[in-house]
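Numbering (the numbering used here), first residue to last: 292 to 532.
Virtual Cβ for every residue (Gly too), placed ideally from N, Cα, C.
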Amino acid sequence: MQRTLGRRAVLVGGVGVLAAGVPWCALAAGKVKPDDHSALIVVDVQNCFVTNGTLPVKQGEDVVPLINRLSKSFTNVVLTQDWHTPGHASFASSHAGKKPFETTKLSYGTQVLWPDHCVQGTPDAALHKDLDIPHAQLIVRKGYHKDMDSYSAFDEADHKTTTGLAGYLKARGIKRVFVTGLATDFCVAWTAMDARRLGFETYVIEDATRAIDLNGSLAAAWKQMGAKGVKRIKSDDIEKA
292 MQRTLGRRAV LVGGVGVLAA GVPWCALAAG KVKPDDHSAL IVVDVQNCFV TNGTLPVKQG
352 EDVVPLINRL SKSFTNVVLT QDWHTPGHAS FASSHAGKKP FETTKLSYGT QVLWPDHCVQ
412 GTPDAALHKD LDIPHAQLIV RKGYHKDMDS YSAFDEADHK TTTGLAGYLK ARGIKRVFVT
472 GLATDFCVAW TAMDARRLGF ETYVIEDATR AIDLNGSLAA AWKQMGAKGV KRIKSDDIEK
532 A
């Protein structure tokens, strides 16, 4: 429980909670060549997180053509979708008197309350129409338990309930993961940190992500990722197919 609360406090509360001297993020050196043991994880590139969506990330749609291009360098690609029930516990509308972007306490710790978004089966929850990765092998849906949020593609917010993604990747011999998508400071960051904790060499491709940046959450997330050994790279650092 302490780890859950600590991570949420970092992402919501801003930069000052981190120890002095923690590197902003570990930077990868030189070109990186994806191989058969590498996977691209495309996090939540959905209508809800782009312009005119219910929880738009500024310039969120700009990642789509870049992710499409990057995907051509990867044999293994996994997509994720936020997939909430109506009346989900993470929605401000489910808590009397609460407004979006306020917080509340749930059984697993502090929860940021969001506008209703990515409700199962709605056009808002669909993958962006211009996302063009026909060779993606798996779509992981997360956040579908009504009483629990799930930022990470690997574990839900209690850090006990798994999505099964780690087992899938390990069964296929994946050693390195490259994380892209929306949003840098929430679902991308949690996915990257969990991947590192689970033993994967982990990269975040910075220009293939966009952030919400709530109360300093972007800077805090990069610091937290760096402290966990996540490597921060740009799309030009990936060798083209």
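- Taken atom to atom, the span from the alpha-carbon of D498 to that of Q402 is near 27 Å.
- Separation of D527 and I332 (C-alpha to C-alpha, rounded to the nearest whole angstrom) is 17 Å.
- Listed in chain order, the non-local C-beta contacts of K389 below 7 Å within the same chain comprise A383, T395 and L404, local neighbours out to five positions each way being set aside.
- Here the alpha carbons of G507 and Q515 stand approximately 12 Å from one another.
- Counting along the chain, the unbroken beta strand (DSSP E) around I524 starts and ends at K522 to I524.
- Secondary structure note for Q372: its beta strand (DSSP E) is the uninterrupted segment N367 to D373.
- The beta carbon of T345 sits closer than 7 Å to the beta carbons of C339, P406, D407, H408 and D415 from its chain, once the five residues preceding and following it are set aside; these are given in chain order.
- When the beta-carbon positions are compared, V468 and A427 stay at least 8 Å from each other.
- Excluding residues up to 5 positions away in sequence, R501 lie with their Cβ nearer than 8 Å to the Cβ of D353 in the same chain.
- For V348, the secondary structure class from DSSP, reduced to helix, strand or coil, is coil.
- Scanning V479, V341 and K466 for the CA closest to the CA of G490 turns up K466.
- Around the beta carbon of P347, 16 or more other beta carbons sit within 10 angstroms, so the residue counts as buried.
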